[in-house]
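Here the structure comes first, spelled out in structure tokens, and everything after it is commentary.
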Amino acid sequence: MNYDPLFESVNIGPVTAPNRFYAVPHATGHGHLAPQGAIALRETKAMGGWGTVCVQITEVSADTDLASHPIERIWDEAYLTVHAKQAESIKRHGALAGIELGHAGMRARNFTTGVPVIGPSHLPIIRPEIPVQARAMDKRDIRRFRDDHRRAALAAKKAGYDILYVYAAHDISIFTNFLTLRTNQRSDEYGGSLENRVRLLREVLEDTLEVANGECAVALRFSVHETNAATPITYDAEGRDIVEMLAGLPDLWDVNISGWSADSNTSRFSEEGHQLPFTEFVKAVTDKPVVGVGRNTSPDKMLGLIKSGKQDLIGAARPSIADPYLPNKIRAGRVEDIRECIGCNICVSGDSYGVAIRCTQNPTMSEEWRRGWHPENIPAAQTAQHILIVGGGPAGLECAWTLARAGHEVTLAEASDDFGGRALLESGLPGLSAWRRVRDYRVYQLQQMANVQMYPANRLGVDEIKEYGADQVVIATGSSWRRDGVGSTNFAALPWLRELNVLTPDDVMAGKAATGKVVVFDDEHFYMGSVVAEEMRKRGHEVVLVTPLREVATWTDHTLEIGKILNRLVELGVEIHTDYGLLGGDEKQLRFEALRPGKAELVLDCDTLVFVGARLPKDDLYLELREHLPEGSVHLAGDALVPGMMQAAVFSGHKVAREILATANSENLVFRLERPDVT
Ligand code: ADP
Ligand code: SF4
0 MNYDPLFESV NIGPVTAPNR FYAVPHATGH GHLAPQGAIA LRETKAMGGW
50 GTVCVQITEV SADTDLASHP IERIWDEAYL TVHAKQAESI KRHGALAGIE
100 LGHAGMRARN FTTGVPVIGP SHLPIIRPEI PVQARAMDKR DIRRFRDDHR
150 RAALAAKKAG YDILYVYAAH DISIFTNFLT LRTNQRSDEY GGSLENRVRL
200 LREVLEDTLE VANGECAVAL RFSVHETNAA TPITYDAEGR DIVEMLAGLP
250 DLWDVNISGW SADSNTSRFS EEGHQLPFTE FVKAVTDKPV VGVGRNTSPD
300 KMLGLIKSGK QDLIGAARPS IADPYLPNKI RAGRVEDIRE CIGCNICVSG
350 DSYGVAIRCT QNPTMSEEWR RGWHPENIPA AQTAQHILIV GGGPAGLECA
400 WTLARAGHEV TLAEASDDFG GRALLESGLP GLSAWRRVRD YRVYQLQQMA
450 NVQMYPANRL GVDEIKEYGA DQVVIATGSS WRRDGVGSTN FAALPWLREL
500 NVLTPDDVMA GKAATGKVVV FDDEHFYMGS VVAEEMRKRG HEVVLVTPLR
550 EVATWTDHTL EIGKILNRLV ELGVEIHTDY GLLGGDEKQL RFEALRPGKA
600 ELVLDCDTLV FVGARLPKDD LYLELREHLP EGSVHLAGDA LVPGMMQAAV
650 FSGHKVAREI LATANSENLV FRLERPDVT
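When we follow numbering that gives the first Met the number 0, the leftmost residue of the sequence shown carries the number 0, and every step to the right adds one.
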């Protein structure tokens with residue numbers, strides 16, 4: 000395949016992107032609180048060949064304070080030093096640097112600043128669970144906002160950015176508030192007709208173009224289609240009208256769909272390129288370059304987008320997180336080396352928590368500055384050692400691959416007939432097939448290496464490991480799901496469960512059959528409960544899902560999936576009960592206690608209980624080996640260390656490998672912290 004078209008330059012107004020790979024603005028969780036981390040993260044993408052690298056939402060003023068989300072700021076000149084360094088560190092590698100100037104309008108909270116939230120009308124902010132209201136902007140407020148945006152644009156230009164964004168996307172923008180009738184209830188020239196509602200956006204675009212003055216480009220990030228509220232801003236109605244009205248104004252159209260959960264949809268609920276049906280019309284409406292996103296990881300599909308004229312630039316947030324070196328790999332003809340995003344949204348959860356983002360596929364994400372980890376370059380081992388890794392799940396595979404890249408002789412033993420551990424098993428569950436990439440990528444990489452021996456169907460015990468005589472041993476034997484009732488809300492085992500037909504997710508993934516009516520009791524609150532409920536429906540069972548928390552799959556709020564999971568379960572006909580704890584039962588019935596006042600005890604017919612609770616680490620081998628092998632030569636990684644997310648297992652495997660490498664190189668394993676400067 001000839002990928003040369005992906006490496007053509009593209010003129011964006013007065014600036015030129017060296018290629019079509021465009022790392023769109025995305026949350027990093029570092030933001031203004033940890034600028035060194037944010038800068039190194041973005042610089043790594045520029046090093047990896049992204050022709051344009053953009054900085055996430057940057058608050059233009061103090062009245063758009065997003066409180067617990069550490070995004071970027073350019074409130075005043077004090078932020079210039081950071082931004083100048085940021086722009087320079089991207090441009091140093093030949094990439095264009097973009098900055099997404101933004102005002103969150105009715106999505107701001109202003110908890111930090113304490114000033115009123117502003118918007119087009121006197122209405123509560125667009126986070127119904129937060130008791131904050133917005134104040135309707137009068138003409139003076141509008142003037143001040145335009146001045147703030149202009150000042151921020153000037154500062155960004157001074158800092159050296161090539162592309163200045165006007166941000167009207169994701170329902171996190173003051174412009175969106177003005178564009179939609181739901182939030183714009185004004186009767187002056189900024190409300191009513193679409194022409195009036197577009198006025199503020201048009202004015203700010205013109206202001207920004209004036210600031211740019213033909214020396215840098217102006218991009219408009221616009222959600223052409225809103226999915227999260229009843230609004231006529233859809234790709235076939237006002238969304239399209241707005242693009243037509245402003246078609247020639249910005250130098251670049253960066254288009255997507257809104258809200259964020261639609262834009263950053265997971266692989267469980269969307270295919271690669273899922274936004275295209277909504278965004279592809281834009282190319283026909285404007286002659287300015289267009290960039291779009293959609294979790295694109297396949298170079299062939301990227302090529303298709305360019306050749307068919309649907310986009311000019313390939314936008315990527317998650318694919319550039321999972322593999323910051325994606326463009327360079329395509330250029331070098333190493334397509335099979337691309338670490339494809341699995342669409343799990345663990346990265347997104349970092350923003351939700353206000354912490355530096357992590358990635359299931361790329362354990363070096365956010366560690367570029369503070370731990371000095373590079374996604375591609377592993378420090379060479381000073382002396383090649385023989386390292387035995389026991390367990391070929393995500394942790395073992397990542398550990399093996401990292402150590403092998405450093406030049407060690409690696410032997411990987413796996414008890415099952417195939418490698419992959421939970422990545423292999425879980426990818427067989429409904430909606431999780433893309434998770435197999437965690438396994439496939441690493442197994443392929445390991446298979447290419449002469450210094451790696453891989454032994455499937457090899458369950459090792461203490462004696463075999465001792466006999467093997469490796470210099471270092473890593474135990475990555477995973478964990479097992481508990482069947483005794485211990486979960487996130489109940490720490491005491493329930494002995495009566497032993498009398499019942501209980502399956503765990505391990506049983507379900509191993510294909511063990513359930514009988515009759517199935518009750519899934521989810522006391523883990525991530526994806527597994529809902530996924531096994533789906534699986535049981537697929538197998539033809541009547542399914543009831545019960546959870547002690549107030550919502551189904553509570554934690555998936557952070558991966559933007561909670562609403563979609565509920566919809567899917569309802570569509571599949573799964574009966575749902577929340578706020579109930581396990582109380583007792585027999586082979587035919589289960590009793591649940593109500594955990595919220597006003598609810599009655601629940602009794603359900605049940606032939607099979609699928610219990611999704613806590614897990615136990617499989618660390619026996621490690622504990623025993625530690626007694627027999629030299630101090631410091633046995634290591635524990637992944638779920639066998641502590642059961643957690645797949646991302647944590649990959650990270651742990653990587654970290655253990657780095658620690659083994661560091662014993663030869665340096666002892667400094669504590670990461671650098673960005674500390675407040677009080678000089
Ligand atoms: P993690 O997420 O930490 O990688 P997994 O459960 O996905 O954990 O993978 C652990 C792997 O270790 C499984 O594939 C399992 O078959 C394998 N395993 C467990 N015990 C042994 C053993 N004694 N010898 C070899 N492989 C083992
Ligand atoms: Fe993709 Fe998951 Fe990594 Fe996010 S965390 S970039 S969704 S693999």
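Ideal Cβ positions, reconstructed from N, Cα and C, are used throughout, including at glycine.
- K282 and R239 have their C-alpha atoms some 11 Å from each other.
- In the DSSP assignment, P24 falls outside any alpha helix (DSSP H) and carries neither an H nor an E.
- Checking the 8 Å criterion, the Cβ of A321 is within range of a heavy atom belonging to the ligand SF4.
- In this structure the segment 363-373 does not lie against the segment 394-408, because fewer than three pairs of beta carbons, one per stretch, are closer than 8 Å.
- Per DSSP, S260 lies in no beta strand (DSSP E) segment; the continuous alpha helix (DSSP H) that holds it begins and ends at 259-262.
- The beta carbon of T476 sits closer than 8 Å to at least one heavy atom of the ligand ADP.
- At least 9 Å separates the beta-carbon of L251 from that of L660.
- Counting other Cβ atoms within 10 Å of its Cβ, Y324 reaches 16 or more and is therefore classed as buried.
- As the crow flies, the alpha-carbon of G349 is around 22 Å from that of A45.
- In the three-state scheme derived from DSSP, where H, G and I count as helix and E and B as strand, S266 is classed as coil.
- Collapsing the DSSP output to three states places N566 in a helix.
- Its Cα nearest to that of G392, the residue G420 stands out among G420, L411, E541, Q381.
- Selection V473, G484, T15, I70 evaluated against K654 yields V473 as nearest (Cα-Cα).
- Short note on R421: C-beta not closer than 8 Å to any heavy atom of the ligand SF4.
- Distance from R294 to E271 at the Cβ level is roughly 5 Å; contact confirmed, criterion being Cβ atoms closer than 8 Å.
- Per the coordinates, the alpha-carbon of Q471 lies some 19 Å from the alpha-carbon of F650.
- In this structure, G291 sits near V254, with a CB-CB distance shorter than 9 Å.
- Fewer than three beta-carbon pairs drawn from the segment 515-533 and the segment 616-624 are found closer than 8 Å, and the two stretches are therefore not classed as touching.
- Within the chosen limit of 8 Å, the ligand SF4 reaches the beta carbon of N361 through at least one heavy atom.
- For the options V611, G93, L122, A26, the alpha carbon positioned closest to that of S8 is the one of G93.
- Taking a cut-off of 8 Å for Cβ pairs, the segment 547-555 and the segment 566-581 touch, as three or more such pairs fall below it.
- In this structure, G97 places its C-beta atom within 9 Å of the C-beta atom of T51.
- In terms of Cα proximity to L581, the closest of D483, I256, K537 is D483.
- Counting only runs of 4 or more residues that sit fully inside the segment 491-579, the alpha helix (DSSP H) segments are 504-508, 527-537, 561-570, in chain order.
- Judged by beta-carbon spacing, R106 lies within the 9 Å limit of I171, meaning their Cβ atoms are closer than that value.
- Residue burial is scored here from C-beta neighbours: E586 has fewer than 16 other C-beta atoms within 10 angstroms and is therefore classed as exposed.
- In this structure, E523 lies away from L568, with their beta-carbon atoms at least 9 Å apart.
- Of the candidates T57, Q444, A246, R196, the residue whose Cα lies closest to the Cα of H148 is T57.
- V242 sits buried, since 16 or more C-beta atoms from the chains shown fall within 10 Å of its C-beta.
- In this chain, the beta strand (DSSP E) harbouring A133 covers 132-135.
- For I345, the enclosing alpha helix (DSSP H) covers residues 345-352.
- Comparing C-alpha distances from F6 to each of I329, E630, S260, G427 shows the shortest one belongs to I329.
- The Cβ atoms of E570 and T265 lie no closer than 9 Å to each other.
- If you compare the alpha carbons of R196, A261, N327 with that of L180, the shortest gap goes to R196.
- In this structure, A552 has its CB at a distance of at least 8 Å from all heavy atoms of the ligand ADP.
- A contact between stretches requires three or more CB pairs, one per stretch, nearer than 8 Å, and the segment 12-28 meets this requirement with the segment 55-71.
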